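The numbering used here applies: residue 411 is where the sequence shown begins, and numbers increase by one.
Just so it is clear, CB atoms sit at the ideal spot from N, CA and C, and this is done for glycine as well.
These numbers come from a predicted model, not from an experiment.
One structure is given here, and the rest of the page talks about it.
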Amino acid sequence: MIEEYIANSQFQDALDLLTDLDDETVRYQRLVCLYGLGQYQQAKNEGMLAKIKASNTYYDVVSIYLATLKELEEFEEA
C-alpha cells in the first residue's frame, strides 16, 4: 500500500503510515515522501540520521539527501 501511495504521489498518505523509524526502508521512504512534499528541511534532518544508519539503502538515501541539499541551496554541505 505504501509503495502505491508513493507511486501515485500521495506522499502525505504514505508518510502517515511510515512510523517505524527503526526500519531502514521506512526511513528511506520517509525521505522520498518529505522530498515529494517539499518539506526539505525535515528531509535534511531525517536524512542525516538515515545516512548514518543506512546499509542496504545507503546510496538511495544519499541521493535523496543530496537532492534535498540542492533544493535548500546548501551547496557547500553537499
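Sub-8 Å separation of residue i and residue j beta-carbons
i	j	result
leucine 444	valine 436	no
lysine 454	leucine 431	no
glutamate 434	alanine 464	yes
valine 472	tyrosine 438	no
valine 442	isoleucine 416	yes
alanine 446	serine 419	Note that residue 446 corresponds to glycine in the displayed sequence, not to alanine. Closer than 8 Å, so yes.
Local Cβ density within 10 Å of residue i, reported as buried at 16 or more and exposed below that
i	result
glutamine 422	exposed
glutamate 414	exposed
isoleucine 469	According to the sequence provided, residue 469 is tyrosine. The question's isoleucine does not apply to it. Classification of tyrosine 469: exposed, given that the 10 Å Cβ count is below 16.
isoleucine 474	buried
glutamate 483	exposed
leucine 425	buried
DSSP-derived helix/strand/coil call for residue i
i	result
serine 473	helix
threonine 435	helix
asparagine 418	coil
asparagine 466	coil
Residues near residue i by beta carbon distance below 7 Å, same chain, minus five either side
i	result
glutamate 481	Tyr450
alanine 460	Arg437, Tyr438, Leu441 and Val471
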